[in-house]
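Here the structure comes first, spelled out in structure tokens, and everything after it is commentary.
In my numbering, the protein residues as written are 4 to 128.
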């Protein structure tokens with residue numbers, strides 16, 4: 004239970020880092036592609052996370068936008084991505100791993116470029 008609560012706080016901090024915690028941010032252009040919702044989730048990330056919330060017959064693009072803009076579904080997406088890649092981050096706390104993977108992709112924990120992002124998330128915990 005404690006780890007789950009800590010990860011929920013971590014998710015809140017990541018959302019604050021990504022969008023100022025704005026749950027109604029929608030989709031915005033970021034580095035040449037759309038990022039959606041409070042966690043600013045891109046389509047390839049959503050696919051990597053297993054396409055949570057996708058309904059039968061629904062296009063992956065519609066499912067991604069709907070999920071990314073719904074806090075609960077978006078949080079599930081971030082958790083799924085973390086679950087998939089956390090094994091690549093054995094040296095750091097679960098929250099740091101979640102943040103650095105979210106920002107830097109599957110190898111985010113080993114990228115110095117994610118240090119500043121993690122510091123920003125950590126300041127919001």
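Idealized CB from N, CA, C, for every residue including glycine.
DSSP three-state call for residue i: helix, strand or coil?
i, result
"residue 108", "helix"
"residue 124", "helix"
"residue 92", "coil"
"residue 4", "Note that residue 4 scores a pLDDT of 39, beneath 50, so its modelled location is shaky and nothing firm can be said."
"residue 73", "coil"
"residue 2", "Because residue 2 is not part of the residues shown, which for the chain are 4 to 128, the question remains open."
With distances taken Cα to Cα, identify the nearest neighbour of residue i among the options.
i, options, result
"residue 108", "48, 14 and 41", "48"
"residue 57", "79, 101 and 94", "79"
"residue 92", "9, 113, 31 and 127", "113"
"residue 95", "27, 31 and 118", "118"
"residue 31", "43, 20 and 25", "43"
Would you mind stating whether residue i and residue j have Cβ atoms separated by less than 8 Å?
i, j, result
"residue 84", "residue 106", "no"
"residue 39", "residue 29", "yes"
"residue 12", "residue 104", "no"
Runs of beta strand (DSSP E) wholly within the region 28 to 68 (minimum 3 residues, chain order): 30 to 33 and 36 to 39
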